[in-house]
Amino acid sequence: MTSFHSGRGVKPLTLAISLALAASNVYAEESAVNESKVIESIAVVGQTTNTEITPDELEKYQANDLADIFRFVPSVSVGGSLGVAQKVYIRGLEDTLFNVTVDGAPQTGTLFHHIGRVAIDPELLKEVEVQAGAGEATSGAGAIGGAIRFKTKGVDDLLSSDEQFGGTIKAGYFSNDGYKTSGTFYGRLSDSWGVLGSYIYIDRDNMEDGDGNELYGTSAEQSLGYVKVNGELTDNQTLSLSYEKRNEEGEFGARPNWPTLEGDTLFPMEGERETFVLNHLFSANDLINLETSLFHTQSSVEQNRFDRWGLYGAEMKTYGFDIRNISLLGDHTLTYGIEYRKDKVSSEYLADASVWQKWAWDPNIGKFQEEGEVKGVYLQDHWQINNELLLSFGVRYDQYDVEQVTYDNQTDSDGVSPNIGLNYDFHPNWRLTLGYAQAMRGKEVGDAFTLAQAPDWISIDPDLDAEKVDNTEIGLNYHDEHWQVTASVYQSDIDDVIYDQLGRGVYFENIGQLETKGFELKAVYWYEDWRVQASYSNNDAELNGNTVEGYEHIGLANARGDTLGLNVNYALSDNLEMGWNFSYVSDLNDIEVLQRGVEIGWIEQTQTIDKPGYQVHDIYVQWVPLSSESLTVNLAVQNLFNEQYRDHSSVGDYNKIKGWEGVAGLYEAGRDIRVSMTYQF
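Letter by letter, the sequence shown follows residues 1 to 681 in our numbering.
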């Protein structure tokens with residue numbers, strides 16, 4: 001078994017490159033090399049549980065948020081109910097443990113632990129790739145729980161080769177409760193260059209749950225502007241430049257992912273994100289297919305706690321690059337490259353000093369800063385041994401450095417992450433997939449809203465080790481002209497979990513092992529105008545033998561009951577399609593909680609909570625009334641039978657425990673009738 005090293009000295013990147021180029025990484029190919037195109041990626045390690053989401057699926061159910069995007073993905077769940085508070089989980093692990101990118105730009109860091117860190121509008125998306133569990137070396141630094149790659153649309157995705165200009169205007173209404181409008185315009189600046197611009201606006205009032213109770217503090221306004229320019233520099237070079245600005249504001253509870261009762265104080269909050277991305281591709285020959293991504297993301301949130309310390313703000317800046325090359329050498333496809341990322345996070349009292357100084361641990365410090373760097377190199381080989389057997393093996397080397405600027409404290413670590421996998425087509429209709437991956441992640445910058453600490457506290461364990469994961473998956477796939485059936489079993493063990501526990505102030509330490517294991521089943525049947533998909537997901541997530549829970553293990557993991565999904569689509573005609581989606585989540589009872597509370601003396605003994613099961617039905621109808629297909633009318637009903645439920649990926653209900661009243665996740669929205677019209681020209 002490959003060992004991991006966590007050192008105190010800073011290692012130069014040149015050493016990292018020399019080490020990694022002696023090893024391997026997973027990407028792959030499937031396209032003409034001499035054309036100016038991206039060579040298509042395929043995955044071997046963990047392939048049977050990886051998923052791709054397309055715009056058609058999102059449009060039919062009128063996806064508005066993260067929960068809608070991942071509605072049909074067995075391994076992914078979303079808790080939080082309210083858009084600003086939504087958190088994504090893969091196999092029970094929170095999105096802080098995986099690599100999330102938008103067109104290659106990492107979305108890093110946590111601004112405030114009671115809100116989400118991933119935000120995207122479904123309307124912009126060309127596709128979404130989900131990698132469940134640690135896998136390939138090209139997954140990016142820190143992908144110990146998996147990866148999500150959002151890819152946005154460009155001109156070539158919306159215009160055919162003989163069109164010069166077009167646009168899409170869309171207006172939608174949802175009964176629970178608000179509206180959405182958008183305009184997207186795109187055109188060719190020349191034979192080889194095009195531009196796309198989009199603006200999206202959402203305004204919603206407080207939602208109601210399935211019992212008709214108003215969910216206070218859930219109204220919000222969201223806006224998003226997006227511009228992308230892309231084209232060909234030469235016959236074998238392409239360039240893409242994109243800019244996105246997203247804003248969300250409203251009056252929420254002090255902790256937006258917890259319920260707000262009638263009469264409770266609401267606090268103004270505003271979140272914003274700006275992302276710049278440059279992608280360049282140079283395809284010269286079989287040996288040189290060079291992809292370069294440069295990125296800069298700046299996100300911020302401000303909350304006005306006028307009852308205490310006043311306006312408080314947090315900001316995260318991330319910039320860096322990923323440069324990779326793909327070489328085709330006989331039966332081998334090699335992908336290798338280098339990555340660099342710099343994170344700067346800060347939080348600050350923004351009110352008058354006389355207001356916040358009486359709340360601060362140190363009245364002389366009103367701003368707190370941390371900086372982190374990640375350097376990585378990687379190499380992966382896909383070896384097509386014969387027509388039936390594809391072997392993949394790779395490795396990456398990463399080096400982490402974190403400095404707590406305000407308190408002059410720092411830590412660093414480095415390590416190697418190997419992987420190996422194979423696809424074996426032992427029958428024309430059957431494929432066996434095996435995968436094993438190790439991954440490491442050092443300490444990264446922390447939650448911006450908890451950067452402050454008492455002057456005499458130690459905030460990082462001097463002996464802190466990097467996190468290390470072992471992920472094993474076995475999958476079996478069957479396919480014919482009508483069926484595709486997949487079964488997979490997995491186990492992932494993350495050792496030396498880095499966490500800031502309750503009751504220690506701010507103190508990051510290794511707290512033990514986080515184990516996730518389970519299986520997934522998925523079957524798709526299509527015949528003429530019918531398409532039916534069924535899935536079943538079982539996942540157990542435990543920290544040191546205890547079931548995880550989203551309150552006590554915030555920023556880490558959450559437990560979920562077995563999940564069954566059934567989706568049916570039927571095309572009545574060329575211009576009329578309808579569908580039904582059913583989700584069932586089983587009870588998860590007698591979860592032992594407050595182990596940490598007992599350790600630090602907050603409560604005498606552990607308690608138990610229940611997560612009741614629920615079942616949710618959604619339906620849609622899509623009508624294209626004109627022969628030109630320029631007009632599309634969509635009707636969707638989410639939560640058709642008005643089920644009152646709290647998603648298992650939200651915080652559990654602690655209200656029956658004395659001293660923990662009010663700790664719970666938001667209920668999900670009740671029945672929501674969504675109507676939209678889209679005109680495309």
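Backbone N, C-alpha and C define an ideal beta-carbon position, used for all residues, glycine too.
Everything numeric in this text was worked out from a predicted model, so none of it was measured.
| request: Measure from the alpha carbon of ASN510 to the alpha carbon of each residue in ASP500, ASN581, GLY142 and ASP408, then state which is nearest. | output: ASP500
| request: Identify every residue that forms a DSSP beta bridge with TRP526. | output: ARG531
| Cα-Cα separation between VAL130 and LEU564, rounded to whole angstroms | 19 Å
| query | Within 10 angstroms of its Cβ, does PRO12 collect 16 or more other Cβ (buried), or is it exposed? | reply | Note on PRO12: pLDDT 32, under 50, position unreliable in the model; the coordinate value appears next. Per the 10 Å Cβ criterion, exposed.
| query | Quick one: what does DSSP say PRO268 is sitting in, helix, strand or coil? | reply | strand
| Contact under 8 Å by Cβ, ASP653 with ILE609 | yes
| query | Among the residues of its own chain, which have a CB less than 6 Å from the CB of ALA22, if the five just before and after it don't count? | reply | Reliability of the predicted coordinates at ALA22 is poor, the pLDDT of 31 falling under 50, and the value obtained from them is presented with this limitation in mind. Within the same chain, ALA22 has no close Cβ partners at all.
| field | Simplified DSSP state of GLN298, which is helix, strand or coil | value | strand
| query | Does the distance from the C-beta atom of HIS280 to that of GLY555 stay below 8 Å? | reply | no
| field | Collapsed DSSP secondary structure at GLU136 in the structure displayed | value | coil
| field | Extent of the continuous alpha helix (DSSP H) run through ILE595 | value | Residue identity differs from the one stated: residue 595 is Gln in this sequence, not Ile. Per DSSP, GLN595 belongs to the alpha helix (DSSP H) from 595–599.
| field | Limits of the alpha helix (DSSP H) - the one that ILE69 falls within | value | Taken as a continuous stretch (DSSP letters only), the alpha helix (DSSP H) holding ILE69 covers 66–69.
| message | Suppose you measure from the CA of ASP540 to the CA of ALA132; what does that come to, to the nearest Å? | response | 14 Å
| Within this structure, are the beta carbons of ALA284 and VAL301 separated by less than 8 Å? | No, these two residues do not count as a Cβ contact at 8 Å.
| request: Would you check if the distance between the CB atom of PHE276 and the CB atom of PHE295 is smaller than 8 Å? | output: yes
| Reference GLU577; option with closest CA among VAL633, HIS427 and ASP156 | VAL633
| query | Are VAL651 and ALA664 touching if we call contact CB-CB under 8 Å? | reply | yes
| said: Ignoring anything shorter than 4 residues, give me the alpha helix (DSSP H) runs that lie fully in the region 393–473, in order along the chain. | reply: none
| request: Let me know the alpha helix (DSSP H) ranges lying completely inside the region 43–123, each 4 residues or longer, listed in chain order. | output: 55–60 and 66–69
| request: For LYS180, I'd like the list of residues in its chain whose CB is within less than 6 Å of its CB, leaving aside the five on either flank, ordered along the chain. | output: GLY172 and ILE202
| Straight-line gap, GLY659 to VAL593 (C-alpha atoms, nearest Å) | 13 Å
| message | Any contact between the region 389–399 and the region 143–163? By contact I mean 3 or more CB pairs, one from each, below 8 Å. | response | no
| task | Could you please give the first and the last residue of the uninterrupted beta strand (DSSP E) stretch that includes ASP495? | result | Here the beta strand (DSSP E) through ASP495 covers 483–495.
| request: Give the C-beta separation of ILE691 and GLY503 to the nearest angstrom, bearing in mind that I take them to be a contact with Cβ-Cβ under 8 Å. | output: There is no way to answer for residue 691, as the model of the chain reaches only from 1 to 681.
| C-alpha gap between ILE39 and VAL489, whole angstroms | The predicted position of ILE39 is uncertain, since its pLDDT is 46 and thus under 50; no value can be drawn from it.
| said: Applying the 10 Å Cβ sphere with the 16-neighbour rule, what's the burial state of ALA437? | reply: buried
| query | Who pairs with TRP383 in a beta bridge, going by DSSP? | reply | HIS332 and LEU391
| So what does DSSP say about TRP356, is it helix, strand or coil? | Secondary structure of TRP356 (DSSP, three-state): helix.
| message | Please tell me whether LYS375 and TYR340 are closer than 8 Å, where the distance is taken between their beta carbons. | response | Yes, they are a contact pair.
| query | For PRO625, is the classification buried or exposed, using 16 other Cβ atoms within 10 angstroms of its Cβ as the cut-off for buried? | reply | exposed
| query | Quick check: the region 479–494 against the region 451–460, are there 3 or more CB pairs under 8 Å? | reply | no
| Endpoints, the alpha helix (DSSP H) within which LEU158 is located | 155–158
| field | Closest residue to ASN99 among SER81, THR138 and ALA63 (Cα-Cα distance) | value | The alpha carbon of ASN99 has as its nearest neighbour, out of SER81, THR138 and ALA63, the alpha carbon of THR138.
| request: Buried or exposed for TYR645, please, with buried defined as at least 16 other CB atoms from any protein chain shown within 10 angstroms of its CB. | output: buried
| query | For ALA254, does the three-state DSSP call read helix, strand or coil? | reply | coil
| message | Using the three-state DSSP reduction, which class does TRP660 fall into: helix, strand or coil? | response | coil
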